[in-house]
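A short write-up of the structure that comes next.
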Amino acid sequence: AYKIMSLKPLRVEESAVGTGGLCGSAFLNYRFEEHVRERVGAEKFDEMKVRKQKTWQMGLKYFEEFVKRNFNEEEHGEVNIPFPGLPDDEEAGIDCGFLVMTAAQVKDIFEPVVKEVCDLVQGQVSGIRAKGGIVSGIVLVGGFGQSNYLYKRLKANFNSAAPPPYSERPTHAQANDVLNNASVEVMQPVYAWTAVVRGAVLRGLEGSMVVSRKSRYHYGTSYATVYDEDKHAVGERYWSPLWERWMVSDRMQWHISKGEDLSPLTPISFHYTRNFRPGQSLIVSDDLIACDETTPPGAYSRDLINVCTLTTDLGAVPKSLFTRLTTTRGVEFDNLDFTLEMVVGSAGLGFMLKVDGVRYGSVLAEFH
Numbered sequence: 426a427y428k429i430m431s432l433k434p435l436r437v438e439e440s441a442v443g444t445g446g447l448c449g450s451a452f453l454n455y456r457f458e459e460h461v462r463e464r465v466g467a468e469k470f471d472e473m474k475v476r477k478q479k480t481w482q483m484g485l486k487y488f489e490e491f492v493k494r495n496f497n498e499e500e501h502g503e504v505n506i507p508f509p510g511l512p513d514d515e516e517a518g519i520d521c522g523f524l525v526m527t528a529a530q531v532k533d534i535f536e537p538v539v540k541e542v543c544d545l546v547q548g549q550v551s552g553i554r555a556k557g558g559i560v561s562g563i564v565l566v567g568g569f570g571q572s573n574y575l576y577k578r579l580k581a582n583f584n585s586a587a588p589p590p591y592s593e594r595p596t597h598a599q600a601n602d603v604l605n606n607a608s609v610e611v612m613q614p615v616y617a618w619t620a621v622v623r624g625a626v627l628r629g630l631e632g633s634m635v636v637s638r639k640s641r642y643h644y645g646t647s648y649a650t651v652y653d654e655d656k657h658a659v660g661e662r663y664w665s666p667l668w669e670r671w672m673v674s675d676r677m678q679w680h681i682s683k684g685e686d687l688s689p690l691t692p693i694s695f696h697y698t699r700n701f702r703p704g705q706s707l708i709v710s711d712d713l714i715a716c717d718e719t720t721p722p723g724a725y726s727r728d729l730i731n732v733c734t735l736t737t738d739l740g741a742v743p744k745s746l747f748t749r750l751t752t753t754r755g756v757e758f759d760n761l762d763f764t765l766e767m768v769v770g771s772a773g774l775g776f777m778l779k780v781d782g783v784r785y786g787s788v789l790a791e792f793h
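Heads up: the sequence shown runs through residues 426 to 793, numbered per the numbering used here.
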């Protein structure tokens, strides 16, 4: 869901944490294919797809271009899908080269997918209203956006609220109830199926129109810290010969909170300190960790998501920026404080290495 900040130039910001599901137009195709397979039998269906490819493609094309877009159970008591060349089969419902489908059978293909779409939209609407926002419209775009069935289902869900009852002294509770149950206009623009292409052209001509996005997860990195008997279990500690103290590892530092506004103009900084013995490799790796829970944990666990591994070559950093330290036993080592900056763009994540605010190179991110 997006809030329009300005029209000229067009600028929007994400107003709710993005969600998604496996409920796009392609899943109607999968369900249609499974329906045809069950009707004609697996053996005949496989033979048709292999030996009579044009027959299958014609039926699928009709489903794509007519049934998906135009099906309305009130107007279409039955739908005839052309499968030229298939022999008549009364039991399978094939007559004169057409597969006869009742409105109930077509609805059975549509309903699970459309219901999931409605649930996702409801989640976005509820999320905005929970923060006091007002949802003014739902715009259907993309190929599935042309579906009359989807349009009517969304209208029934969001545009059928009765007008609020009259009250001479309305209360705040009544006002909030009206806002939370108010109708939302569902719009189906002309040429909705080309919206993605036209949006890509606008993006190329005018640059990004999205001012900020909402973080879908908490993002952080793990680190080691000094052992504290009031916070940490004894079994977690280990002795650091360089720092000459007890430490604990796998503590989590969360740099980005779930739902936080992210802008491509504002990098997020991850601060690190590393120790190197003479001759040790200056290539270091760190994992970017994500968490989908409401409250992220303070320590790493297997339930967290390993987004990517960040590999940084510190060899480009001038030696003068390393600090030479010596332990009480005379062991020398070099210490470096550095920052990895993450930039969140429309195409993904970008990283760069900085020391004292100066850039010394990019960071290789290997996504998992």
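From the three backbone atoms N, C-alpha and C, an ideal C-beta is built for every residue, glycine too.
The residues 644, 645, 646, 647, 677, 725, 729, 730, 731 and 732, in chain order, have a CB closer than 8 Å to that of residue 714 in the same chain once the five nearest residues on each side in sequence are set aside. When the five nearest sequence neighbours on each side are left out, the beta carbons in the same chain lying within less than 7 Å of the beta carbon of residue 487 are those of 506 and 507, in order along the chain. Ranked by Cα distance from residue 479, the options 510, 449, 499 and 463 are led by 510. Between residue 431 and the set 656, 634 and 750, the nearest pair of CA atoms involves 634. Using a Cβ distance threshold of 8 Å, residue 734 and residue 712 count as a contacting pair.
Taking all protein chains in view, the Cβ of residue 439 is crowded by 16 or more other Cβ atoms within 10 Å, so the residue is classified as buried. Counting along the chain, the unbroken alpha helix (DSSP H) around residue 455 starts and ends at 450-465. The beta carbons of residue 775 and residue 741 sit no closer together than 8 Å. Note that the C-beta distance between residue 765 and residue 736 is not below 8 Å. Judged by DSSP secondary structure, residue 488 falls outside any beta strand (DSSP E); it is assigned neither H nor E. Contact annotation: the stretch 468-478 does not touch the stretch 519-527, with fewer than three C-beta pairs closer than 8 Å.
By the Cβ rule, the stretch 614-621 counts as touching the stretch 564-584, because three or more pairs are nearer than 8 Å. Residue 749 holds the alpha-carbon nearest to the alpha-carbon of residue 761 among 582, 649 and 749. Where residue 715 is concerned, the enclosing beta strand (DSSP E) starts and stops at 708-716. Here residue 733 is bridged, per DSSP, to 713 and 792.
Considered as a whole, the stretch 646-690 harbours no complete run of any alpha helix (DSSP H) with no fewer than 4 residues. When secondary structure is reduced to three states using DSSP, residue 767 falls in the strand class.
Taken through DSSP and simplified to helix, strand or coil, residue 625 comes out as helix. In the three-state scheme derived from DSSP, where H, G and I count as helix and E and B as strand, residue 524 is classed as strand. A residue is called buried when at least 16 other Cβ atoms come within 10 angstroms of its Cβ; residue 628 does not meet this threshold and is exposed. When DSSP states are grouped into helix, strand and coil, residue 578 belongs to the helix group.
Around the beta carbon of residue 501, 16 or more other beta carbons sit within 10 angstroms, so the residue counts as buried.
If you ignore the 5 residues before and after residue 448, its C-beta comes within less than 6 Å of the C-beta of 538, 541 and 542, all in its own chain and listed in chain order. The beta-carbon distance between residue 693 and residue 767, rounded to whole angstroms, is 5 Å. This is short enough to meet the 8 Å contact definition. In the DSSP assignment, residue 751 falls within the beta strand (DSSP E) that extends over 748-751. Nearest neighbour of residue 666 by Cα position, chosen from 682, 753, 607 and 608, turns out to be 753.
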